[in-house]
Each structure stands twice: as structure tokens, then as C-alpha cells.
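Using the working numbering, read the sequence shown as starting at 626 and increasing by one per residue.
Glycine is no exception: its CB is placed at the ideal position from the N, C-alpha and C atoms.
Worksheet: one structure, shown below.
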Amino acid sequence: MKSFENLHLRLSCLVIFRNLLKNEVVAALLKMLEAKASCGRELMPSYARFLNLLLAENENLSEFITEKVFEDENAYIIKKAWGQSVSPKMQAALEAELGLLNDLAGLKSQDILAGLEGSDFLLHWENSQIDIKAEYLEYAKEANIKGYGIFAGRHMFRFENKAIVPIANPDPVRLSDLSGYREPRLRVLQNTKALLAGKKAANVLLYGDAGTGKSSTVKAIANEYAGEGLRLIEVSKQRLMEIPSLMEKLAFNPLKFIVFIDDLSFDQSSDEFGALKAILEGTAGVKPDNVAIYATGNRRQLVKQSFADRASDDVHAGETMQDQLALAERFGLAVGFFRPDKDEYLKIVWDLAEQYGLKNTENLELSAERFALEKGGRSGRTARQLVEYLSSFE
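What follows is the structure in C-alpha cells.
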């Protein structure tokens, strides 16, 4: 292990990975190295503060540093992601900094506390055998599909308070988990493949009855193609007016993005109606080619109407109503998901029973029909709920 004074100096002089110094754990690590190098009285408190912050994220220092390195958005990885050439000087600087970060990942708590009287009560962090330099250089070769910054290693996000936030526990549903609705699902899938291929992809409205797998289809596609550079960002209906700022963040990224709006509908007075209309109409500077909007709704006509609305005293009421009803037509692709008939419903039930390894299938169809009646109708969701319920008894 190189001298602690040298480690402190090199860490404080990061250039390519300089953003790491903004992380409070790394900042505490820098402070601890400074205290160790000077053999000052601040070493023990600095150690305790650093370990406290580290434990909140990861008990393993090697894993923590590796994660932060791969999440870092820097000039080198952006160039690599866009297939741009990197100068020999930048390459050399990068490899030198990766060497330093590898040394830090191998830093042991026992080395820091060595010779420090009265430190026996302090906890220790863990380490792993990781070659950050080799792994990062290999990863950089495919940064265009593996992503960089916040998009490295994660593929589902939410947009809230004007920030893109990773979803902690994304729905793991896969296309192989879904039964029925082959044709509508295929249409959505084909559009997604066009997006991934860099072709013009349509904005998609998945509409129809509740529980038919509209949201699950979008999430399953996002899971299936994450390894090919697809990311999903969920936006709530209340934040539709912020989508243009989200688009600006995504426009200059080589990855492909689904902006996902779930359970979409509007009241007559909704401010978000106009915002979505402008986005779908392709207002200048709004929708880049690497983004497609996927929305789900229980009705094709997304604006709720009442009889009072039809009797409006608006001079141009007909045109206003037509404008509202035509919102769905502004999606390039509208795909219907409707309640299955009896045969299709039972097929879904049997497919799920096989998926779940259900052993006791005697009277399964009778149970399925009874369960659908209790739930108010047949649907893919009803079928899954039944099979999950029955499997809990095996």
C-alpha cells in the first residue's frame, strides 16, 4: 500500500473522476487519509465519521468505490459512449486514476488503525478482490448500451422534483411471465425495437380494460431490453408539464428511453391536457429521436366527459370537444387491451398455473370462473390473483 500522504494527495487531485469528491463518503475518506498522513489527534473521529457514512450505503469499501466509479458521469465515458476518439493523454490520466481508485478499494481499516492506541472498540469495514481498472476499461467499450452516470447499472427510474431518481425495487416482470394478448403486445414490442434500432418510433397509447396487462407489458419490455440500452422513466400525470425539461436531459444521451405515463386520463379543466397535446404534436425541441412516450389508460378517449360538457355554452363547443376527443389520435400507435372471453381467460389461467408449478389443478376452470365472478369480470390480473392464491396452499 502506498503512503497515506500519497493517497491523500492523489485523491484530492482527481481530474476525470473529480465528481467523486462531491460524494460525502469520499469526502470523509479524504479527510481520514489526511488525518492518517499527519498522525493527528483527529484520526479516530475522522475514521468514525467515514465509517458511519460508509455503513449507511455499503459495509464493503471495495464495492462502494466500484459502484461510484461506474456511476460517475465524466468526459471520458461520454466520449466512449458516443464513439468519439480519446486522446492518449486522457487515456493515460484515466488509467492512472483508476489505479488510485483500485488502491483505495483495497484500503483496509486495520491499516488505518494500526498503531492507534485505544482503537480496539471501533468497527471495521469489509473489502473484496476487485480489479476496478480492468472492469471499467471493458465496460467503457459498450458504454453506449450499458449507460453512464445514473443510467449505469439501473434501468427503471421516476422523474420527480425535476430529477431522475432510480426506482429502488423495480417490478421484475418479464415477457415470459405474461400470458395472452400476444397480438397487441407484439405491436408495442415492434415499436420498441424500432426505437432501439435508431428508427422513428411512435408514441404509444395502451388502452382498454383494467387488469389486462397494459402496464405490465411496458415494464416487461423495459426489463427485457435493458441490456440493449433501453431505459424506462415513469412520469406521474401531475408532472406532465415538466416533460420538456426531462426531454432536454435525455436528448444528448446515446441510450433509448421510454417515458412512461401510467393510468392517464384528464378532466375538462386539466392543465396537463395542453402540455401533453403539445408534446405529442412534436413541438419544436420537445421530443428527441431517442425517446418514445408510452401511456396507459382505461379508455381510448382520455378526456372525461359529462352530459353537462355536451350541453356546453361554448360557441365552438363542437370543435373544443373534438379537440379533446382527438388527443388519443395524437399518439402514433394506439393498442387495445380488452377483457378476454371465456376461452382466452381459461387459457391464461392454465398458462399461469404451469408457470407457478400449480399441482392441484382439479376443478381449476370452475374455480377460475367463480373467482372472476367475485372480482367483477375476467382479466389477466384476475387470473394471476387466482393462481397466486391457490399456490399459497401448496
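Worksheet item: Could you give the distance in angstroms between the alpha-carbon of Y773 and the alpha-carbon of E969?
Response: Stepping through the sequence shown from its first residue, residue 773 is reached at position 148. Stepping through the sequence shown from its first residue, residue 969 is reached at position 344. Each residue's Cα considered, the two are about 43 Å apart.
Worksheet item: Can you pull the DSSP bridge partners for V790?
Response: The residue you call residue 790 lines up with position 165 of the sequence shown. BP columns for V790 point to R783.
Worksheet item: Roughly how many angstroms separate the alpha carbons of S637 and M715, rounded to a whole number?
Response: By 1-based counting over the sequence shown, the position of residue 637 is 12. By 1-based counting over the sequence shown, the position of residue 715 is 90. When rounded, the distance between both Cα atoms is 18 Å.
Worksheet entry | Per DSSP, the bridge partner or partners of E751 | Translated into the one-based positions of the sequence shown, residue 751 becomes position 126. Beta-bridge pairing links E751 to N685.
Fill in: Contact set for L738: own chain, Cβ-Cβ below 6 Å, skip 5 residues either direction
Indexing the sequence shown from 1 puts residue 738 at position 113. Counting only Cβ-Cβ distances below 6 Å, and skipping sequence neighbours, we find S744.
Worksheet item: To the nearest angstrom, how far is it from the Cα of L676 to the Cα of L723?
Response: Residue 676 sits at position 51 when you count from the first residue of the sequence shown. Residue 723 sits at position 98 when you count from the first residue of the sequence shown. Those two C-alpha atoms are separated by around 22 Å.
Worksheet entry | Short Cβ contact (8 Å threshold) for E897 with R955 | Reading the sequence shown from its first residue, position 272 is the one you call residue 897. Reading the sequence shown from its first residue, position 330 is the one you call residue 955. No, the pair does not count as a contact, with Cβ atoms beyond the cut-off.
Worksheet entry | Boundaries (first-last residue) of the beta strand (DSSP E) holding V884 | Here residue 884 refers to the residue found at position 259 of the sequence shown. 881-886 is the extent of the beta strand (DSSP E) around V884.
Discussion item. In the DSSP assignment, the alpha helix (DSSP H) including Y1014 goes from what residue to what residue?
Written reply: Taking the sequence shown and counting its residues from 1, the one referred to as residue 1014 is at position 389. Segment 1005-1016, the alpha helix (DSSP H) holding Y1014.
Worksheet item: Skipping 5 residues on each side, what residues in its chain have a beta carbon closer than 7 Å to that of V1020?
Response: Outside the displayed span of the chain (626 to 1019) sits residue 1020, for which this structure offers no information.
Discussion item. Suppose you measure from the CA of G961 to the CA of N683; what does that come to, to the nearest Å?
Written reply: One-based indexing of the sequence shown puts residue 961 at position 336. One-based indexing of the sequence shown puts residue 683 at position 58. G961 and N683: Cα-Cα distance of roughly 45 Å.
Worksheet entry | Spatial neighbours of N923 in its chain, beta-carbon cut-off 8 Å, leaving aside the 5 residues before and after | Translated into positions along the sequence shown, residue 923 becomes position 298. Within the same chain, N923 has close Cβ partners Y832, G833, D834, A835, D888, S890.
Worksheet item: Between G805 and G1005, what straight-line distance do the alpha-carbon atoms span, to the nearest angstrom?
Response: Here residue 805 refers to the residue found at position 180 of the sequence shown. Here residue 1005 refers to the residue found at position 380 of the sequence shown. Near 8 Å, if we compare the C-alpha coordinates of G1005 and G805.
Worksheet entry | Nearest-angstrom Cβ-Cβ length linking R856 and L880, presumed shorter than 8 Å | If you number the sequence shown from 1, residue 856 lands on position 231. If you number the sequence shown from 1, residue 880 lands on position 255. Going by Cβ atoms, the distance from R856 to L880 rounds to 5 Å, so yes, they are a contact pair.
Item to complete: Spell out a yes or no on whether the stretch 677-697 and the stretch 751-763 are touching, meaning 3 or more CB-CB pairs, one atom from each, closer than 8 Å.
Response: Counting C-beta pairs closer than 8 Å gives three or more between the stretch 677-697 and the stretch 751-763, which meets the contact rule.
Practice prompt. Answer with buried or exposed for V884, where buried requires no fewer than 16 other C-beta atoms within 10 angstroms of its C-beta.
Written response: In the sequence shown, counting from the first residue as 1, residue 884 sits at position 259. So V884 counts as buried.
Worksheet item: Which first and last residues belong to the alpha helix (DSSP H) in which R635 is found?
Response: Here the question's residue 635 lines up with position 10 in the sequence shown. Where R635 is concerned, the enclosing alpha helix (DSSP H) stretches over 629-637.
Discussion item. So that I know if they touch, is there some Cβ in chain B lying closer than 8 Å to that of S744?
Written reply: Protein chain content of the structure displayed is limited to a single chain, and chain B is not contained in it.
Worksheet item: When the Cα of L800 is compared with those of K787, L998, V843, I904, which residue comes out closest?
Response: Stepping through the sequence shown from its first residue, residue 800 is reached at position 175. Cα-wise, what sits closest to L800 is V843.
Worksheet item: According to the neighbour-count rule (16 or more other Cβ atoms, all chains shown, within 10 Å of its Cβ), is F963 buried or exposed?
Response: To locate residue 963, count along the sequence shown from 1; it is residue 338. Here F963 is exposed, its C-beta having fewer than 16 other C-beta atoms within 10 Å.
Practice prompt. Counting only the same chain and skipping the five closest in sequence on each side, list residues whose C-beta sits under 6 Å from that of S687.
Written response: Against the sequence shown, residue 687 aligns to sequence position 62. These residues qualify, in order along the chain: A730, N752, S753, I755.
Worksheet item: Beta-carbon separation of P791 and R779 under 8 Å?
Response: For the purposes of this step, residue 791 is taken as residue 166 along the sequence shown, with counting starting at 1. For the purposes of this step, residue 779 is taken as residue 154 along the sequence shown, with counting starting at 1. Cβ atoms of P791 and R779: closer than 8 Å.
Fill in: CA nearest to the CA of I868, picked from N631, K758, K912, S1016
Position 243 of the sequence shown, counted from the start, is the residue given in the question as residue 868. Scanning N631, K758, K912, S1016 for the CA closest to the CA of I868 turns up K912.
Worksheet entry | Contacts around E990, its chain only, beta-carbon distance under 8 Å, and the 5 residues preceding and following it disregarded | Along the sequence shown, read from residue 1 onward, the residue named residue 990 stands at position 365. L971, V974.
Fill in: CB contact flag (A768, K705, <8 Å)
Translated into the one-based positions of the sequence shown, residue 768 becomes position 143. Translated into the one-based positions of the sequence shown, residue 705 becomes position 80. Contact flag set, yes.
Practice prompt. With a 10 Å radius around its C-beta and 16 neighbouring C-beta atoms as the bar for buried, classify A847 as buried or exposed.
Written response: Locating residue 847 in the sequence shown gives position 222, where the first residue counts as 1. Buried, since its Cβ has 16 or more Cβ neighbours within 10 Å.
Discussion item. Could you tell me the alpha carbon to alpha carbon distance between E742 and S861, rounded to whole angstroms?
Written reply: Taking the first residue of the sequence shown as 1, we reach residue 742 at position 117. Taking the first residue of the sequence shown as 1, we reach residue 861 at position 236. C-alpha separation (whole angstroms): 55 Å.
Worksheet item: Alpha carbon to alpha carbon, what distance is there between A917 and A717?
Response: Counting from 1 along the sequence shown, the entry for residue 717 is found at position 92. Counting from 1 along the sequence shown, the entry for residue 917 is found at position 292. If you draw a straight line from the Cα of A717 to the Cα of A917, it comes to about 38 Å.
Fill in: Residue(s) in a DSSP beta bridge with F962
Here residue 962 corresponds to residue number 337 of the sequence shown, with the count starting at 1. F962 pairs with G833.
Item to complete: Pull up the DSSP beta-bridge partners for I858, would you.
Response: Stepping through the sequence shown from its first residue, residue 858 is reached at position 233. Paired residues: F782, V884.
Worksheet item: Are L646 and L655 touching if we call contact CB-CB under 8 Å?
Response: Here residue 646 corresponds to residue number 21 of the sequence shown, with the count starting at 1. Here residue 655 corresponds to residue number 30 of the sequence shown, with the count starting at 1. The answer is yes: Cβ separation under 8 Å.
Worksheet item: Residues in its own chain within less than 7 Å of Y701 by CB, not counting five upstream and five downstream?
Response: The sequence position of residue 701 within the sequence shown is 76, counting from 1. Excluding residues within five positions, the ones whose Cβ falls inside 7 Å are I641, V711, M715, L719.
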